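Engineer: As numbered in the numbering used here, residues 2 to 271 make up the sequence shown, in order.
Cβ coordinates follow ideal geometry from the N, Cα and C atoms, glycine included.
Quick caveat, the model's predicted, so the values are computed rather than measured.
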Amino acid sequence: MDRHVGAVWRPSYPKPEADKAIIRQVIKQALPDILAVQEIGTLPFLEELRADLAQEGVHYPYAIHLTAADQVRHVAVLSKLSPAAVVKHNDLDFSYQDGRKRVKRGMLELSFERTDGSVFKLFVVHLKSRWTDVKADPESQQRRSREAEACRNRIIERSYDLGLTDFVVVGDFNDHPASATLRRFYRKGDFDIGALVPASDSRGEHWTYFYHKQVVYSLVDGFVVSGSLTPQVVAGAGHIVDIPGVLLGSDHRMVYLDLAEPEPALGATD
Numbered sequence: 002m003d004r005h006v007g008a009v010w011r012p013s014y015p016k017p018e019a020d021k022a023i024i025r026q027v028i029k030q031a032l033p034d035i036l037a038v039q040e041i042g043t044l045p046f047l048e049e050l051r052a053d054l055a056q057e058g059v060h061y062p063y064a065i066h067l068t069a070a071d072q073v074r075h076v077a078v079l080s081k082l083s084p085a086a087v088v089k090h091n092d093l094d095f096s097y098q099d100g101r102k103r104v105k106r107g108m109l110e111l112s113f114e115r116t117d118g119s120v121f122k123l124f125v126v127h128l129k130s131r132w133t134d135v136k137a138d139p140e141s142q143q144r145r146s147r148e149a150e151a152c153r154n155r156i157i158e159r160s161y162d163l164g165l166t167d168f169v170v171v172g173d174f175n176d177h178p179a180s181a182t183l184r185r186f187y188r189k190g191d192f193d194i195g196a197l198v199p200a201s202d203s204r205g206e207h208w209t210y211f212y213h214k215q216v217v218y219s220l221v222d223g224f225v226v227s228g229s230l231t232p233q234v235v236a237g238a239g240h241i242v243d244i245p246g247v248l249l250g251s252d253h254r255m256v257y258l259d260l261a262e263p264e265p266a267l268g269a270t271d
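(1) Whole angstroms is fine: what's the gap from aspartate 173's alpha carbon to valine 217's?
(2) Could you compute how far the alpha carbon of tyrosine 210 sits from the alpha carbon of histidine 177?
(3) Work out the CA separation of valine 242 and glutamine 30 for me, nearest whole Å.
(4) So, is the C-beta of glutamate 18 closer than 8 Å to a C-beta in chain D?
(5) Using C-beta distances below 6 Å, list every residue in its chain close to valine 169, excluding the 5 sequence neighbours before and after it, in chain order.
(6) In this structure, how does DSSP classify glycine 250 when only helix, strand and coil are distinguished?
(7) Taking contact to mean at least 3 C-beta pairs separated by less than 8 Å, is the segment 115-135 in contact with the segment 158-166?
(8) Give the C-beta separation of valine 76 and leucine 109 to the nearest angstrom, bearing in mind that I take them to be a contact with Cβ-Cβ under 8 Å.
(9) Can you pull the DSSP bridge partners for lysine 122?
(10) Does lysine 214 pass the burial test, meaning 16 or more other C-beta atoms within 10 Å, or should it be called exposed?
(11) Does the beta-carbon of aspartate 167 have 16 or more other beta-carbons within 10 angstroms, so that it is buried, or is it exposed?
(12) Any idea which residues DSSP pairs aspartate 34 with across the strands?
(13) Residue range of the beta strand (DSSP E) that isoleucine 65 falls in?
(14) Contact between the segment 129-147 and the segment 47-61 is defined here as three or more beta-carbon pairs at a separation below 8 Å; is this criterion met?
(15) Let's see if you can read the secondary structure: which residues bound the beta strand (DSSP E) around phenylalanine 211?
(16) Since alanine 181 is in the alpha helix (DSSP H), which residue starts that stretch and which ends it?
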């Protein structure tokens, strides 16, 4: 996979073992029950990560990988919990520059049943980067917001339109919280969809991505949670892993949140 190494672009450069080890340390710091992964390679790379974690005592029985229009970078999920259903949305498209384009990495949808029998959904995305060769669309802003819109519309179809209101959208949005891209996931017209969960590290800092070339820190990764599920976000906030050396493993920092089980319904009878 092509990647930045420091400030240098390296084509077809495999991720070094030392970097992989740091990423596993980050995962072990958070120990999520459900791990959403962006920018992973093909399925064998996901299985390699799962096997390496298992050797270090972290077991994920369930692995879901999505192949979409981008044949190099993919989204995936490792889970300790059995998903009740999985839908791979690799058909999402949108109008763009006098034609139609596919959402490059598609979108994963997983449903999980909770102890009270209710279901919440997880949608995993990795939207278009800011790199572009289209002069009419600087930093791919239009394309990225169109990707977000296509994903947003499908999320509504797969949640609210089906009477399911508890869901989380997670991923690398490649844009800031007030951007047109993220606003697509907050509202559609007068309809409220969800809100970005605030997250911070041990120092109270909020950035999740470091762009080495320009020495810029930004918040581009996180969770958009539906209104009905928001009260179950523990402490109303997420967390950013900032263990020493974290940026040696990736230019993104891991974000996670904890969801509480729903409160049991209270009733009265004569």
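Structural biologist: Taking the definition as stated:
(1) 16 Å
(2) 11 Å
(3) 7 Å
(4) The chain labelled as chain D is not found in the depicted structure, where only one protein chain is given.
(5) Leu123, Phe224, Val226
(6) helix
(7) yes
(8) 6 Å
(9) Ser112, Phe168
(10) exposed
(11) buried
(12) Beta-bridge pairing links aspartate 34 to no other residue.
(13) 63-67
(14) no
(15) 210-212
(16) 181-187
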